[in-house]
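In the UniProt record's numbering, the protein residues as written are 1 to 394. C-beta: ideal position from N, C-alpha, C; glycine also. Working notes, beginning with the structure itself.
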């Protein structure tokens, strides 16, 4: 167990890094069969982990975090991005989400152009909720659409009616929020026509941002058990690759540029700046049970269950479970692992430039950037990004 104290090394270069805050809300109305996130339904929690008291507990961690950063000598930096994820953050009342954002601003200050995002299930918000969040300073909402096909949603155990998606998008736009729609492809039983139906539904709504993720069947999930018992087939990597290619072509044709392998935006201003900060190894503090943080090459993660998390915070202790300070080699490997995913590419440095021609010959990297020492993925490279990373880190 870690005390949560930050090492002095995190101060170096802090003025060159953005600072963001991730707020984890670990509650869901129903646990989806494919999900292995640190989330809980009300019946799983028991005493000492009240959803009603959660905002107050998380605000306690925010105050402890600000104190820890001051104690180590980190200079004041306004928060440039805030992201509420989960779980389903919008299971909490909008007033609680507003309290969390206000606490971040009081602890560190918010940049004038701060990006503030909340995830939401389509059946977890009303027009009034979204208007209240926008009035409080939220700027984006990311809806977990996943699919427009009822049978696919049923396999994923999603609870919303796909016919509600146009309504929530309209409500968010009316409130002045930017809108992102999240899709999942590769669900057992999802055909190519199903996937095209979902893409067509998204494009008809003209969101500002689209995320498209391949389904991964994780051990320990209900879906993992169903696959293991032969009740569901394992997703086919070739099928998922085809669906990614279909999505990339459809989104590009509609004016969406990919800026990270799984993420597409209508304009550079519509990109998710919070996630870009992750991929560029900037600083963020993760608040909530199981939340991960990174500041200046030092990384830590909180205790997972909401009950011991609340107990630690209520006792005036940072709820850190474990921590590590990355070696220079680890930091460089992570720079490659994360940075190569971005459409802007990655300056590989003189030691790795000799590896680029082979990756170009294999059709994984664009030739012109590689000649200047920059790794920029081709479409084939996006499908085989792990191969590129291994070639640059082994």
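Rounded straight-line distance, which links the Cα of residue j to that of residue i
i, j, result
"residue 112", "residue 20", "14 angstroms"
"residue 158", "residue 373", "44 angstroms"
"residue 381", "residue 363", "7 angstroms"
"residue 52", "residue 371", "57 angstroms"
"residue 367", "residue 270", "28 angstroms"
"residue 274", "residue 287", "15 angstroms"
"residue 225", "residue 103", "41 angstroms"
"residue 65", "residue 313", "11 angstroms"
"residue 165", "residue 145", "7 angstroms"
"residue 196", "residue 206", "15 angstroms"
"residue 260", "residue 329", "24 angstroms"
"residue 354", "residue 99", "52 angstroms"
"residue 344", "residue 257", "11 angstroms"
"residue 194", "residue 320", "43 angstroms"
Residues of its chain near residue i, where Cβ-Cβ distance is below 6 angstroms and the 5 sequence neighbours each way are ignored
i, result
"residue 201", "148"
"residue 393", "333, 336"
"residue 233", "188"
"residue 263", "211"
"residue 331", "297"
"residue 292", "286, 301"
DSSP state of residue i mapped onto helix, strand, coil
i, result
"residue 256", "coil"
"residue 69", "helix"
"residue 379", "helix"
"residue 21", "strand"
"residue 234", "coil"
"residue 187", "coil"
"residue 290", "coil"
"residue 78", "coil"
"residue 205", "helix"
"residue 40", "strand"
"residue 153", "helix"
"residue 342", "strand"
"residue 402", "The first residue shown for the chain is 1 and the last is 394, placing residue 402 beyond what the model contains."
"residue 161", "coil"
"residue 366", "coil"
Cβ-Cβ distance between residue i and residue j below 8 angstroms
i, j, result
"residue 427", "residue 122", "Residue 427 lies beyond the range of the chain shown here (1 to 394); nothing can be said about it."
"residue 85", "residue 119", "yes"
"residue 137", "residue 68", "no"
"residue 277", "residue 341", "no"
"residue 179", "residue 125", "no"
"residue 185", "residue 214", "yes"
"residue 235", "residue 217", "yes"
"residue 9", "residue 325", "yes"
"residue 404", "residue 231", "No answer is possible for residue 404: the residues shown for the chain start at 1 and end at 394."
"residue 127", "residue 92", "no"
Same chain only: Cβ atoms within 7 angstroms of residue i, ignoring 5 sequence neighbours per side
i, result
"residue 78", "108, 109, 110, 111"
"residue 32", "156, 157, 158"
"residue 97", "84, 89, 118, 133"
"residue 221", "33, 34, 35, 36"
Residues bridged to residue i (per DSSP)
i, result
"residue 217", "In the DSSP output, where bridge partners are listed per residue, residue 217 has none listed."
"residue 143", "120, 181"
Contact set for residue i: own chain, Cβ-Cβ below 8 angstroms, skip 5 residues either direction
i, result
"residue 71", "5, 6"
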